[in-house]
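Residue numbers (our numbering), protein chains in the order written: chain L, 8 to 509; chain D, 8 to 509; chain C, 8 to 509; chain P, 8 to 509. This report refers to the structure that appears directly beneath it.
4 protein chains.
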Amino acid sequence: MQQGRDIRRVGDGLNEKCGVVGVSLGEREAARPLYYSLYALQHRGQESAGIVTHDGFQQHSHVEMGLVGDVFDEDSLSTLRGTAGIGHVRYPTAGGVNSCCAQPFAVSFKSGSLGLAHNGNLVNADEIRSELEDLGHAFTSNGDTEVIAHDLARNLLEADLVRAVKRTMERIHGSYALTISHDDTVLGVRDPEGNRPLCIGKLDDGYVIASESAAIDTLDGELVRDVRPGELVVLENDGSGFDSYQLVDKENAAHCFFEHVYFSRPDSVIDGTLVYEVRRNLGRALWEESGVETDVVMPVPDSGRAFATGYAEAAGETTADGEQRAEDDDGVEFAEGLMKNRYVGRTFIMPTQDERERAVRLKLNPIRSTVEGKTVTLIDDSIVRGTTSTQLVQLLRDAGAEEVHMRIGAPPIVAPCYMGIDMHTREELIAADRSVAEVRDEIGADSLGYLSIDSIADCLQKSQADLCLGCVTGEYPYDIDGETTDRDVTRPAIGAEAPADD
Amino acid sequence: MQQGRDIRRVGDGLNEKCGVVGVSLGEREAARPLYYSLYALQHRGQESAGIVTHDGFQQHSHVEMGLVGDVFDEDSLSTLRGTAGIGHVRYPTAGGVNSCCAQPFAVSFKSGSLGLAHNGNLVNADEIRSELEDLGHAFTSNGDTEVIAHDLARNLLEADLVRAVKRTMERIHGSYALTISHDDTVLGVRDPEGNRPLCIGKLDDGYVIASESAAIDTLDGELVRDVRPGELVVLENDGSGFDSYQLVDKENAAHCFFEHVYFSRPDSVIDGTLVYEVRRNLGRALWEESGVETDVVMPVPDSGRAFATGYAEAAGETTADGEQRAEDDDGVEFAEGLMKNRYVGRTFIMPTQDERERAVRLKLNPIRSTVEGKTVTLIDDSIVRGTTSTQLVQLLRDAGAEEVHMRIGAPPIVAPCYMGIDMHTREELIAADRSVAEVRDEIGADSLGYLSIDSIADCLQKSQADLCLGCVTGEYPYDIDGETTDRDVTRPAIGAEAPADD
Amino acid sequence: MQQGRDIRRVGDGLNEKCGVVGVSLGEREAARPLYYSLYALQHRGQESAGIVTHDGFQQHSHVEMGLVGDVFDEDSLSTLRGTAGIGHVRYPTAGGVNSCCAQPFAVSFKSGSLGLAHNGNLVNADEIRSELEDLGHAFTSNGDTEVIAHDLARNLLEADLVRAVKRTMERIHGSYALTISHDDTVLGVRDPEGNRPLCIGKLDDGYVIASESAAIDTLDGELVRDVRPGELVVLENDGSGFDSYQLVDKENAAHCFFEHVYFSRPDSVIDGTLVYEVRRNLGRALWEESGVETDVVMPVPDSGRAFATGYAEAAGETTADGEQRAEDDDGVEFAEGLMKNRYVGRTFIMPTQDERERAVRLKLNPIRSTVEGKTVTLIDDSIVRGTTSTQLVQLLRDAGAEEVHMRIGAPPIVAPCYMGIDMHTREELIAADRSVAEVRDEIGADSLGYLSIDSIADCLQKSQADLCLGCVTGEYPYDIDGETTDRDVTRPAIGAEAPADD
Amino acid sequence: MQQGRDIRRVGDGLNEKCGVVGVSLGEREAARPLYYSLYALQHRGQESAGIVTHDGFQQHSHVEMGLVGDVFDEDSLSTLRGTAGIGHVRYPTAGGVNSCCAQPFAVSFKSGSLGLAHNGNLVNADEIRSELEDLGHAFTSNGDTEVIAHDLARNLLEADLVRAVKRTMERIHGSYALTISHDDTVLGVRDPEGNRPLCIGKLDDGYVIASESAAIDTLDGELVRDVRPGELVVLENDGSGFDSYQLVDKENAAHCFFEHVYFSRPDSVIDGTLVYEVRRNLGRALWEESGVETDVVMPVPDSGRAFATGYAEAAGETTADGEQRAEDDDGVEFAEGLMKNRYVGRTFIMPTQDERERAVRLKLNPIRSTVEGKTVTLIDDSIVRGTTSTQLVQLLRDAGAEEVHMRIGAPPIVAPCYMGIDMHTREELIAADRSVAEVRDEIGADSLGYLSIDSIADCLQKSQADLCLGCVTGEYPYDIDGETTDRDVTRPAIGAEAPADD
């Protein structure tokens with residue numbers, strides 16, 4: 008049943024929005040550094056957390072549903088013995104909490120033990136799984152990670168570590184940033200397209216591999232470099248260094264631009280660029296492409312803040328028409344006009360039907376004096392479903408805004424992400440079947456401006472050919488049933504704007 | 008490393024002290040009957056509980072650490088859809104809480120899904136695991152159950168269900184009572200020695216397979232019969248009946264006598280005899296073998312109660328010398344002399360060193376008037392380490408007992424149980440290297456009497472050749488490294504008594 | 008509104024079914040002995056637990072909802088500094104969990120601090136509360152205990168401790184067993200009728216006052232004697248002894264007979280008699296009054312066990328007609344015919360409507376071989392609502408019992424208890440408006456026998472005039488609105504039996 | 008004991024850092040609006056939360072330790088019946104969690120029921136408590152709130168509501184913003200100095216009184232005005248309006264300036280000024296008073312953000328010397344240079360000694376590219392102990408900052424706050440006995456600038472005579488033992504700066 012396959016592929020067992028880490032220290036126990044790293048990566052997944060270590064003789068594992076701070080305590084950390092290990096945090100997927108897929112996934116096999124922490128999504132997991140089932144393998148979960156683990160274990164029967172990883176990499180297709188522990192050896196692997204981020208850091212007494220450089224900072228380490236697409240990195244057991252093996256080469260990468268726009272921490276350096284800088288530059292480009300002169304520009308906190316800072320900066324230099332500002336023209340004022348209540352958490356009791364409109368004000372409250380009687384530009388990173396944008400526009404109007412203009416630091420999202428990021432079906436996407444003007448009307452803004460794909464590529468300092476732009480073009484760098492691949496096509500520039508007078 | 012193997016085999020992944028159940032109903036959802044069954048089997052395991060069901064299309068699983076009442080709620084039961092399923096409760100092993108081994112173990116493989124709930128311990132799990140690892144299999148746990156699941160899944164690639172089970176049974180050795188779900192078909196399998204109990208029950212609208220008949224009672228069902236050693240029972244999907252396949256035949260069974268002495272519920276019928284009746288008869292035999300005339304006889308609650316009832320009954324009929332009681336001789340008075348505090352639970356804060364002696368009085372308090380100035384016989388089911396016995400003898404002396412005689416409803420435990428029951432090493436066993444007189448002195452009793460092996464066999468209505476008596480003879484019905492097998496030897500009768508004047 | 012007042016008086020703020028303790032040690036910290044005592048008294052209340060101590064300078068308090076083992080941990084015990092203190096456990100009342108009334112109740116006032124732990128119920132709390140409100144007092148709860156605390160605090164403004172307690176005792180009417188801490192002085196007070204139990208124990212290094220002697224046993228102490236009705240006991244601060252003040256004298260006591268029948272631990276000595284002995288003797292009397300010759304006699308576990316033991320003993324000596332047994336007549340066999348599942352706890356998911364009948368079998372399962380084809384006598388301590396009795400009779404019939412006869416170790420409960428014990432309204436009581444024959448028919452038994460009030464008094468070794476028999480006579484030793492007082496009337500003997508051929 | 012009194016006064020029972028709310032609706036249940044209000048006020052207290060309502064017949068209360076989201080669920084809200092009620096959130100005080108003082112405090116007394124929610128601290132609570140104790144009152148807590156409740160209840164015996172409140176206000180001295188429920192009438196009271204904020208809001212169907220206007224926004228209401236110092240506001244039962252009574256008049260107010268600097272939400276309007284505006288203006292003034300030309304200016308997130316925005320704005324207009332910027336001089340660049348990890352919560356496992364320095368990087372991570380090789384100005388709202396400032400300066404230096412200049416949006420804190428705000432003793436305050444230059448050296452900054460008191464008053468648009476400036480002057484608007492009162496003195500201007508070349 009084709010439909011069923013589709014649903015499973017994009018619903019079950021996805022690990023795209025996860026954080027992974029691996030640590031190898033010469034002398035020091037790995038558990039606490041892994042624990043602090045996972046704290047630094049907590050934004051990449053709040054559903055489950057886990058650590059697997061190896062003490063030279065035995066593998067130790069502690070994986071549970073919940074936040075890092077709830078999953079681990081002094082007792083559990085103390086049982087995770089050994090100077091080498093890996094860790095994982097996992098994002099709640101649309102399909103709900105799914106304990107089956109908490110990671111790292113740990114197995115023992117003929118040649119020892121394996122631990123795998125996976126960020127990404129395979130597009131041919133079903134095929135490989137099916138091949139392994141034909142050979143008698145039985146699986147405890149629907150997850151891609153178990154498929155990789157079984158395949159790797161099987162290859163390790165007949166090949167050394169590097170060749171076994173190479174064989175597995177040649178079989179699996181899709182996105183994967185992996186940290187792997189083979190007994191007490193820690194590995195990092197990044198898929199040939201480099202879709203998900205992975206980087207290497209140097210500590211005083213060892214090395215670390217992590218999804219984001221912020222995890223390295225947390226350990227007081229130094230970012231060495233990103234793991235290259237198609238590269239295998241093997242940390243030395245004594246913490247003295249690492250070996251690199253370029254196992255698979257592809258002409259083009261397919262870095263996910265959404266990591267920079269939304270998913271990664273602003274203080275992380277991803278594929279050579281600082282996320283905060285990128286967002287600020289995206290904000291500058293947004294002004295240049297579709298700036299609108301209003302009394303005030305304000306971010307949606309916290310996601311729009313870096314964009315809005317850049318936008319306002321650029322607005323201080325040139326006018327919306329691209330002219331140099333006159334000396335006495337202060338440009339657009341930057342202000343925080345929406346205050347975020349940081350205490351509204353999971354246990355919140357939802358308002359009844361007639362209290363529904365109040366719900367958004369519990370989370371975000373407008374500062375009336377910043378808004379009242381003014382024309383306002385609201386900056387956010389992206390629009391997915393559009394519900395929040397609609398509520399915020401209304402909120403600002405209720406607070407007395409004369410006009411509300413919306414500017415978005417990314418292109419319209421028109422197609423699902425098969426690599427993750429919680430944008431699963433076209434039905435959910437407000438821009439999938441609407442023009443920019445229609446989206447503008449739907450959310451009730453006076454004008455709406457998205458950023459162009461060209462600017463995305465420019466600000467990320469990448470060629471469009473080296474980015475995965477599937478969600479904004481509908482053309483994917485992977486073969487996905489029923490979707491177009493972009494590997495052979497020339498991409499049009501999509502970025503668009505719906506002015507107030509549309 | 009021989010030592011290492013021994014430790015692993017008897018320490019990790021044991022499932023001997025567990026409860027299993029399987030249910031197939033024509034129309035009704037299986038989850039709630041499974042839930043109630045697990046409540047009825049909770050005494051067989053308090054570490055974890057789990058249920059696996061299958062709704063004809065998909066397998067559903069909910070397995071967690073904790074008591075049945077904590078693991079399941081209305082929500083989790085409602086997700087366990089389907090009219091067929093299996094359940095499991097697991098005992099905390101000596102090595103501490105072990106989340107890896109919570110069951111049922113669920114996998115999917117080429118031909119569908121498998122769920123396994125296992126009570127028992129294989130003696131050749133390492134060998135089979137090793138063979139499977141040679142074929143590329145990777146294992147997520149140290150447990151025997153996963154080994155059985157992988158072996159069965161592999162056999163199912165090439166054979167139908169009955170032949171696949173037969174092949175697996177021919178490969179695995181040791182004790183196993185299994186409930187298995189293969190998609191929505193529920194199976195029960197008992198090892199060729201029938202070491203662990205398993206029985207079949209009939210409900211109004213289906214059939215149930217369970218470790219003990221008390222689980223059947225809970226569902227208002229009727230006990231049909233025990234599953235026979237070496238038998239496979241396959242429940243009909245529509246709840247209309249079951250098919251039986253006698254897959255392996257052995258000359259002798261090796262039923263665990265300790266199930267009757269301690270482990271099973273008194274209200275269960277195990278291998279044709281009611282546990283309560285057996286215990287009462289063991290008590291009667293105990294009087295006949297080693298009765299002592301004292302003012303009062305009292306049980307250790309609750310484990311010694313049925314034994315003490317039988318002992319006192321017999322004591323009312325004949326004297327300790329075996330003579331008919333005189334008309335005016337009331338014999339030994341039965342009384343509850345120790346009161347149990349049922350609220351002392353897991354969270355109890357242990358007393359400091361100098362409060363230590365008070366600890367036992369929190370759990371068991373002597374009734375002074377029953378004890379003071381009297382000669383007392385205390386009845387328990389067995390002595391393992393001897394610490395509790397020592398404390399109780401002292402407690403009764405402190406309460407004013409003139410004499411304290413101890414009588415035990417089982418022979419001295421002189422050797423480890425490799426099939427389970429938490430008696431792992433000879434060092435822990437007070438009787439392993441002590442004569443009965445030495446044990447008597449160690450626990451401080453005036454006299455000590457154990458029951459003979461002959462009486463065990465008589466009361467269980469079994470031939471000694473059909474019992475596993477390893478823990479009381481040191482000779483085992485299985486090949487265990489470093490231990491003697493009893494399959495070829497004639498067993499001596501061991502039952503013994505250390506009179507007060509020894 | 009008169010009705011409202013009645014409801015409040017018997018519904019809110021009742022403390023009858025509670026346990027209290029007080030400890031004064033010369034040198035040792037009081038917190039841990041108080042903690043162990045509360046464990047020993049846990050059967051008297053599972054809703055909340057609390058300890059108040061005083062270290063000579065300051066009062067410390069820890070009171071929470073929950074079981075003793077959940078309320079306290081090492082941390083909380085360590086903050087409860089001081090060698091003197093009191094403790095309390097509270098029973099869930101019919102009206103549901105009520106955090107307002109968790110105790111001990113602690114206040115500070117002009118002359119220092121007061122802690123009160125109360126077991127009992129005042130009949131004039133409203134009046135005294137009203138008088139105190141006229142003087143400006145404000146109350147944080149509906150509880151009697153706060154009323155006593157305020158009254159005592161007020162009296163302490165003008166009188167020394169002993170006289171202040173006397174004044175308060177002269178004002179309050181009803182049942183109260185109190186432990187009180189006035190700064191670091193610990194007191195015990197028992198109401199002039201001695202309705203609720205309270206006793207004094209001697210430890211190696213101090214003294215203890217507790218609801219039941221079992222708490223003293225737990226601390227390895229010796230029972231000195233009961234606190235006398237109307238007596239105040241003041242423990243010496245240095246643990247060297249206690250002073251006694253007989254503050255109020257009444258001609259007659261009004262001891263609650265139900266403490267012996269049901270509420271107290273079997274191993275406690277209450278008002279001079281061991282509860283286990285009393286229950287056994289009540290069982291003997293029950294045979295003598297209403298014995299019926301059946302194949303087997305069995306207790307409802309655990310409440311009926313001591314009664315059944317005595318009943319069976321007596322049945323071994325004489326026939327139901329009171330004749331000496333013939334030599335070859337073994338009388339009625341004693342057996343455990345119902346097995347209790349000790350794991351069915353609070354979190355149990357209730358069965359659906361059509362599974363309802365199975366619910367009782369989860370808790371109590373009949374042993375078929377003991378029951379099948381036999382005439383059975385089932386012994387319990389009392390019948391309140393009758394629902395459990397009805398279910399058990401049916402259970403035994405379903406298990407094949409030829410006849411089921413019920414014998415009860417107390418008289419019919421025909422009226423509410425205003426002093427506690429969860430028998431609040433006549434509507435709930437099966438015997439309130441039914442003859443014994445009607446109750447027999449209602450529960451479906453072949454015959455039903457209650458014990459007479461005369462036997463109650465005899466076995467408790469008390470005059471009926473010194474007992475509170477309100478719940479079995481409808482005449483109370485206290486003035487209760489709308490009820491008859493028994494202080495001036497002669498009580499009829501009620502004990503009754505409904506034979507099978509009624 | 009004078010010392011003891013001092014300690015108690017500033018340690019126990021303080022309610023200064025709390026949030027209060029009261030709601031009276033004509034028809035709608037009050038519980039949910041109170042619940043959402045408390046969410047909006049959660050920043051004012053995370054230790055406990057509570058709601059008291061009255062349904063016309065009976066008072067209902069639910070108060071527990073914990074966050075609003077954990078304390079309440081659908082069940083508890085549904086028991087809080089009635090259209091009128093009050094709520095409270097409480098801050099964890101230095102002395103640790105203190106369940107005794109969770110609020111609202113609820114009592115019943117002669118004339119009905121009272122509920123009190125208190126934000127503030129009385130300076131003569133001991134005296135009034137002592138007077139009430141002389142009259143026989145007993146207290147369950149050390150809290151001021153219970154003292155107010157008892158005093159008010161006593162006054163209500165002899166006076167109507169308004170006069171009773173007036174009498175109590177004439178007796179109590181100190182800071183108090185109160186919401187009170189007298190049966191189903193809701194009141195708001197603010198102390199004569201208006202030390203703590205309290206305001207009135209209008210809803211569609213009723214009125215609300217709350218600590219901050221953000222709570223009114225959350226309910227979609229409109230801010231009517233602040234409650235005036237010395238005013239009593241009584242909400243109509245039917246939600247139609249409110250009555251005002253100016254009960255006490257003082258020449259000067261003593262508004263806490265720290266509410267604007269740190270404690271209140273930026274989106275709240277307090278005493279006529281929007282907190283966000285005030286902070287931004289304080290930032291502007293900070294530039295004007297002690298601006299330093301550096302490459303970049305960055306806030307300590309989130310507390311310094313509004314200050315830094317204003318500071319950078321002003322820096323774009325004039326130079327540090329107060330000159331108009333040259334056309335080609337962009338001034339100081341504003342950037343986010345420290346990223347906050349919002350997931351580091353309470354359960355965080357503290358690093359070991361040698362990991363200590365890494366701890367701060369878990370919470371705040373520098374963005375290297377923003378900092379490296381640059382001169383940096385770091386903006387925060389205030390410095391209390393100085394430990395965080397020291398760590399942040401070091402963090403920025405480690406990240407490569409050439410210079411680190413610190414600018415603070417408030418004057419040096421030199422004296423304890425007896426009205427709250429967690430600045431209890433001079434020993435804890437880094438500026439109490441240090442010059443600005445010494446503080447600069449202590450925290451390791453290149454220069455340090457505080458704001459002047461004059462600017463505080465200017466930006467709050469208040470006379471200094473109407474502010475409480477005790478913590479920055481050491482002179483208090485209340486009579487506090489051992490401290491100077493400022494009511495008769497002329498205050499010096501303190502604001503100060505320690506330049507780099509000091």
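Even for Gly, the Cβ is constructed at its ideal location relative to N, Cα and C.
Within the model, the alpha-carbon separation for G92 (chain P) versus G127 (chain P) is close to 20 Å.
Contact between D167 (chain L) and L139 (chain L) fails: their C-beta atoms lie close to 21 Å from each other, not under 8 Å. Secondary structure note for K469 (chain L): it is in no beta strand (DSSP E), with a DSSP letter that is neither H nor E.
For A505 (chain L), the closest alpha carbon among the candidates L:T480, L:V446, L:L226 is that of L:V446. Look at P111 (chain L) here: in three-state DSSP terms it is coil, with no helix or strand label. E320 (chain P) counts as buried, since at least 16 other C-beta atoms from the protein chains shown sit within 10 angstroms of its C-beta. Put simply, the backbone Cα of L185 (chain C) is about 6 Å away from that of R197 (chain C). Neighbours of E140 (chain P) across chain C, judged by C-beta separation under 7 Å: F116, K117. For G228 (chain D), the number of other beta carbons within 10 angstroms of its own is at least 16, and it is reported as buried. A distance below 7 Å between beta-carbons, with the five flanking residues on each side excluded, links D190 (chain L) to the following residues of its chain, in chain order: H61, G119, S120. Its chain contains S470, Q471, L474 as the residues whose beta carbon lies nearer than 7 Å to that of A464 (chain D), once the 5 sequence neighbours on both sides are disregarded; these appear in chain order.
Taking C-beta atoms under 8 Å as the contact rule, F116 (chain D) and F146 (chain L) qualify, at a distance of about 7 Å.
In terms of Cβ geometry, D256 (chain L) and G237 (chain L) form a close pair [threshold 8 Å]. Buried is the label assigned to D151 (chain P), since at least 16 other Cβ atoms lie within 10 Å of its Cβ. Secondary structure of H50 (chain P) (DSSP, three-state): helix.
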